[in-house]
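Protein chains in written order, with my numbering: chain A, 1 to 87; chain B, 1 to 87; chain C, 1 to 87; chain D, 1 to 403; chain E, 1 to 403; chain F, 1 to 403. C-beta atoms are modelled at their ideal positions from N, C-alpha and C, and glycine is treated no differently. What you are looking at is a predicted structure, and each value in this text was computed from that prediction instead of being measured. Notes follow once the structure below has been shown.
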Amino acid sequence: MSDNFELALQLLGIGMATVFTILFLVILIGDGIIKFVNRFLPEAQKPVKQARATSSAVISSSKMAAIVSAVQIVTNGKGRITSIEKQ
Amino acid sequence: MSDNFELALQLLGIGMATVFTILFLVILIGDGIIKFVNRFLPEAQKPVKQARATSSAVISSSKMAAIVSAVQIVTNGKGRITSIEKQ
Amino acid sequence: MSDNFELALQLLGIGMATVFTILFLVILIGDGIIKFVNRFLPEAQKPVKQARATSSAVISSSKMAAIVSAVQIVTNGKGRITSIEKQ
Amino acid sequence: MDILRKLYDMTAFSNLIDNPAPLLMLAVGAVLLYLGIKKQYEPLLLIPIGFGVILANLPGAGMGIVPGDLIELGDHKYMNLFEIAHEYGIMNYLYYSLIKTGLLPPIIFMGVGALTDFGPMLRNLKLSLFGAAAQLGIFTILLIAIAVGFTPNEAGSLAIIGGADGPTAIYTTIILAPHLLGPIAIAAYSYMALVPVIIPFVVKLTCSKKELMINMKEQDKLYPSKHEIKNLKAVKIAFPIVLGIVIAFFVPSSVPLLGMLLFGNLVKEVGANTFRLADAASGPIMNAATIFLGLTVGATMTSEVFLDFKTLGIIVGGFFAFAISVFGGIFFVKAYNVFSKKKINPLIGATGLSAVPMASRVANEIALKYDTKNHVLQYCMASNISGVIGSAVAAGVLISFLG
Amino acid sequence: MDILRKLYDMTAFSNLIDNPAPLLMLAVGAVLLYLGIKKQYEPLLLIPIGFGVILANLPGAGMGIVPGDLIELGDHKYMNLFEIAHEYGIMNYLYYSLIKTGLLPPIIFMGVGALTDFGPMLRNLKLSLFGAAAQLGIFTILLIAIAVGFTPNEAGSLAIIGGADGPTAIYTTIILAPHLLGPIAIAAYSYMALVPVIIPFVVKLTCSKKELMINMKEQDKLYPSKHEIKNLKAVKIAFPIVLGIVIAFFVPSSVPLLGMLLFGNLVKEVGANTFRLADAASGPIMNAATIFLGLTVGATMTSEVFLDFKTLGIIVGGFFAFAISVFGGIFFVKAYNVFSKKKINPLIGATGLSAVPMASRVANEIALKYDTKNHVLQYCMASNISGVIGSAVAAGVLISFLG
Amino acid sequence: MDILRKLYDMTAFSNLIDNPAPLLMLAVGAVLLYLGIKKQYEPLLLIPIGFGVILANLPGAGMGIVPGDLIELGDHKYMNLFEIAHEYGIMNYLYYSLIKTGLLPPIIFMGVGALTDFGPMLRNLKLSLFGAAAQLGIFTILLIAIAVGFTPNEAGSLAIIGGADGPTAIYTTIILAPHLLGPIAIAAYSYMALVPVIIPFVVKLTCSKKELMINMKEQDKLYPSKHEIKNLKAVKIAFPIVLGIVIAFFVPSSVPLLGMLLFGNLVKEVGANTFRLADAASGPIMNAATIFLGLTVGATMTSEVFLDFKTLGIIVGGFFAFAISVFGGIFFVKAYNVFSKKKINPLIGATGLSAVPMASRVANEIALKYDTKNHVLQYCMASNISGVIGSAVAAGVLISFLG
Ligand code: NA
Ligand code: NA
Ligand code: NA
């Protein structure tokens, strides 16, 4: 038990030291990334090209409303949009 | 290695022949099905009964259009409806 | 086979008796719960707090209320929005 | 010519010449797809099952489920799942990890629970008893099946078709007679789809017009029930918890099925705080489980398994199990009506076998045919839902005694 | 009488008479359900856990998790998953395939990552340090637990409750002391739910009104930080990648947790191109994982396991682990304020233990009580989120030294 | 100093000093992330793969996939999955249960099927043949790879990159040469992303302006096809069923891939009745499969595996496999045009390799560059989709002869 207690004491030191070290590194890393990006990538990326599989998520709701209305008129209320994807 | 090379040569022949055969069959099958359906099932199927579990799909599109518009107005274009279910 | 037939006869008795017992208990339990709740919890619970993990649904509750109302009006109370996501 | 020989060996034609039986099974698969697609019989299950039958019987494709004794090593040891995948392919991997372990039926029941509303049952609690009477087909067919020579385990699996509940039938069969899984699953789902035919058929044989015109709402007015429910939400939350515990004391072997059903129901009734869980249980989890259950159950139907006299017995026996269950429910209503002033429409007995909610809809239509104002749907739902509990309990009894 | 005997054997009453302890556990399960449903303490976890406790303690149902030594065959060999399912049922199958393998906590962390926004932390990077200070409870309770007789491994599992992070606590316990999984998970989630009680309690004991009124925005104006972030999206994308790599060099044992967290965060921050993945990680995958984690962790709590003196130790120790962590965060702020001109509100230390985002909301409410214009939420979120990293690192240290 | 020694042992620096090769692999992972995030090359796959590479090469984290011979016990026995998880951690658990069993590629193909529309192909059936011609790269590179010293199995895995289909390439490699999985998956997805470069490159080398200006619609008017499709829905439902059966007779080894693709397509085409299944297959199931496939395939790329001369061969060979496939399609169109009055635009041959639908879009843009009214998209889609079938069949041939 005495051994275990010593281990626990060591872990108190090691553990808190490690946690502080890591979160200090978090600060350094975050700071470094911000500086790097501010210097080399200061502008926001251009709007991304549409990835193939995610295209379902990009129809704006206004367009969707228009599409849905159109479908309804054309199909006389029998059609249903199950998903809209950009081609 | 000479054996392996012969195997590879064989596979070049067998492989391309098989692929062509299969895609030729695709044409025949597609053609056959189209002819069969044109002859025996020329009309589109009647609108299907609603399956039990798919009842979530029963909001009519006109209502959906209205809902979508409403969402769009309210969320200033940022919201998206991912699904609507009947209660 | 004679043994098996006897087993089957026993199961006919045991089985139907058990099923009736259980569904009789269902009635008792249901009745008991209703009486208990009527007596000790007669009022509906207050509206629940939002659970933490659902906080990803970042549409504010006022906007959501507006959307839900719109849906309710349009669908005549039959529609339900199950989720809304920001784009 | 060596190359042509190799080419020929690659194809499945030599297998077909050795054993053309799979061609017949492809036809069986096609019939199931026809029933699911064109006739719209339980399409969510019959289409995956039908496709699974086809996959399993494509010679040389290695998609058919191998018999369980190939997995058994003796001395309570079994091949591990990685070895099964390695030796017998992905379909056996899915089957032995998801089905043979008994996992998917309770998982699907969790989703069913999250879609079930006990409200109609709680509002007409007494009608639950007819969900007991309508399990008669199970135990009657058990008797008959044993009489005609099925082993008790096989008879139990056949009989549970009369419970009119897919996951319950599959779960029971996995435990009692896994070699019959394919035909039993198909019979169960087919007859569930045929409920619009079976119920009117039995009703016509057994009920008079006068009985079918009994108006439940008027009876309620004449003989009002004692209490209203003041806080339905609280009742609905407490009900699955208490019910689960009490049933478990009596039939612990029904817990894997009923426990998961009631858990699914609980997270649904709790509402917004556990909406994510209810949504997952009844959405992606249940849908994925349905796909893999359907495909693998279909894939158990290799020609050796299916082209057996027992398959015919299952098809015939399954029908009678359904019919006798419907009859049991109706008969019990009639017996009840003899002793009670407050009369009950026998259609409410007919729906006790479950097949929720189609049985109730069919019964409602029959009632409306005799009296356009006699809506019995909500009353039928009470016995209908209790029939789910009834057959899960019956399954528990069968598993306890035969498993 | 043979038939009645059989009937009685089918029920669970004989089991109950032999050992009535499960009844007590059913009450424990009911209490957890009450806390989750009525008190709304972490309902997404406590309801499945509570239901799992009930399922596990239904006598004869076979839903309780069996001890790990039944799975061990000696000589580094274990029963395979198919045998576990066959022998011990679906609950053990789920537990031994999803939990005992350590799979679900990192999977849930992936979902947490896809829901986490490092924005507030990046805008107030220095406040991250308080997420380190607030891990004090972990290592203090480790010391105390060992002092009172817990083994080092058990003490490590108990201590990690002070990290205020469910998946981290569960992952650590799976590795260090799986027999304590149930009580530790419950303590962790219960105290996370009790953060609105624990934080105000510690704050009241340690902070003056003047300290609590420190206005961070004004401090920012007085002592402005040096740089703005010109391209937040690029920073947010680079951050999880670089962070993951660097932390891994120092504490590689934290990678299963932190790596998955940061992966989930990355696919979220990339945006539309990987929306499908972020959506799956934080939606169906995380919800399904939560259901199965909750049920099976609950099912570890059989009466033999739970009704042990150690459970009491965990409940008491867990509370102090939380309280000391809160204290550690506050104390470090006070120490910092001694040396710095730019003062920091001690509430920002109090939220360093994590319990995102509830701790921050609670802290914000406290601040607003003293000054209705003093919104500290965004500042608290910085230390709050860093506390997630802090406790995962602490877990890595414990696993390295004790695992 | 004992404590500092322990602290140092906890970190990964000693591992790094022993073997700094993982640092190079971290750079490889970073490059893949850069391609996926910034260049938007197949982000859904390359980002998880890139992150998986990083996780696998974090020293001491235990997230790298161990070679298959560590799992093999000899005598057709393997470690069980629980032991794999216990011994080698969650990443190996995921890899050996989901990938090495061959499960995920067919599962992803099911989702691809549920997203595929055979309509354009059915409307221009004859163009399907070009989906055969464009598999030329596969078998040519097979020959060359064997010539330069790859084993036949490795050469088969390398060659299948020319099929331009991720799941097909991965499935084939799992069976033939799992140790090359990482580089082959990356080459396959990278070159698919590079289709907008590769197709124009080959087209420019081989096609004249006159050929590229062939207007398919005008050709259709000049030489109209014989029949219209009166009931497209019925055709689309029957097509996957009949096609699946017939192909299986010829190349049964392609069934795990094609069968699942066609099942997914069937449940999509059936419509509302099986919408839940199609939605699950193409949504949560496919997304979850993509995450775990990407991470674990990436995690196979430990430095020992990747830093090998064969990796270079795969990168170079993969490029030529793509290019030769494109060339094969174009060349076959040219040959066809020699004998036919109705001319075909060679771009339709170029899209036969698959990489749906990007290849078609790229081809369409090329056509529009020469004639702004010459929309060839729908025609290209016909050969493009048939190329998916073509490469799955080619995979079946390779597996039959080499597996
Ligand atoms: Na039933
Ligand atoms: Na924490
Ligand atoms: Na292809």
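Could you check if P43/D is buried or exposed, using at least 16 other CB atoms within 10 Å of its CB as the buried criterion? Per the 10 Å Cβ criterion, buried.
Determine the contact status of I146/F and A155/F, defining contact as a CB-CB distance below 7 Å. Their beta carbons are under 7 Å apart, which means I146/F touches A155/F by this criterion.
Could you give the distance in angstroms between the alpha-carbon of V251/D and the alpha-carbon of A187/F? 57 Å
Since G387/F contacts L353/F with CB under 8 Å, what's their CB separation in whole angstroms? 5 Å
Using the beta-carbon count (16 or more within 10 Å), is L103/D buried or exposed? So L103/D counts as buried.
If we call anything under 7 Å between Cβ atoms a contact, is V246/F one with I29/B? yes
Whose Cβ in chain A lies nearer than 9 Å to the Cβ of T140/E? Under the 9 Å cutoff, chain A gives L12.
Can N345/F and M260/F be called in contact, C-beta distance under 7 Å? no
If you draw a straight line from the alpha carbon of V19/B to that of I285/E, how long is it in whole angstroms? 38 Å
Simplified DSSP state of E72/F, which is helix, strand or coil: strand
Would V270/E pass as an interface residue toward chain C - the criterion being a Cβ-Cβ separation below 7 Å? no
Buried or exposed by the 16-neighbour rule on C-beta atoms within 10 Å, applied to T302/D: buried
Helix, strand or coil, according to DSSP, for K217/E in the structure here? Looking at K217/E - three-state DSSP - the assignment turns out to be helix.
Can you tell me whether Y442/D is helix, strand or coil according to DSSP? Outside the shown range of chain D, which is 1 to 403, sits residue 442/D, and nothing can be said about it.
Candidates F109/F, R123/F, M63/F, of which the one nearest L94/F by Cα: M63/F
Measuring from each Cβ to the nearest heavy atom of ligand 1, keep the ones under 5 Å and list them in chain order. G163/D, A164/D, D165/D, S354/D, G387/D, S391/D
Quick one: which chain D residues come within Cβ less than 7 Å of V267/F? I47
Identity of the residues DSSP links to K77/E by a beta bridge: G74/E
Taking CB distances under 7 Å as the criterion, tell me whether F249/D reaches chain C. no
CB F401/E to CB L12/A, shorter than 7 Å? For F401/E and L12/A, no; Cβs fall outside 7 Å.
What residues in its chain sit with their C-beta under 7 Å from that of T274/E, if we drop five residues either side in the sequence? Cβ neighbours of T274/E beyond the five flanking positions: V267.
Alpha-carbon to alpha-carbon, A61/F and L32/E: The straight-line gap from Cα to Cα measures roughly 36 Å.
Within chain B, the residues that T131/F reaches when beta carbons sit closer than 9 Å: According to the sequence shown, residue 131/F is Gly rather than Thr. Correct list: V19, L23, V26.
D69/E versus H179/E, N15/E, G294/E, residue with shortest Cα-Cα distance: H179/E
Would you mind telling me which residues of chain B sit closer than 8 Å to P152/F, beta carbon to beta carbon, in chain order? N4, L7, A8
Whole-Å CB distance - G244/E paired with L262/E, under 8 Å assumed: With a Cβ gap of about 4 Å, G244/E and L262/E count as contacting.
What's the gap between the Cα of D279/D and the Cα of M91/E? 21 Å
Buried/exposed call for T290/F, threshold 16 Cβ in 10 Å: buried
Within 10 Å of its beta-carbon, does R361/D have 16 or more other beta-carbons around it, so buried, or fewer, so exposed? buried
So the candidates are A359/E, L143/E, T311/E; which of them puts its Cα closest to the Cα of S2/A? L143/E
Near L377/E, what residues of its chain come up, given a Cβ to Cβ distance below 6 Å and the 5 sequence neighbours on each side ignored? S360, N364
What first and last residue would you give for the alpha helix (DSSP H) that runs through K35/B? 2 to 40
Nearest-angstrom Cα distance between T425/F and F309/E? Chain F is shown only over 1 to 403; residue 425/F falls outside these bounds and no answer can be derived.
Which of the three DSSP states is assigned to G102/E in this structure? coil
Does chain B have any CB closer than 7 Å to the CB of L7/D? The beta carbon of L7/D sits closer than 7 Å to some beta carbon of chain B.
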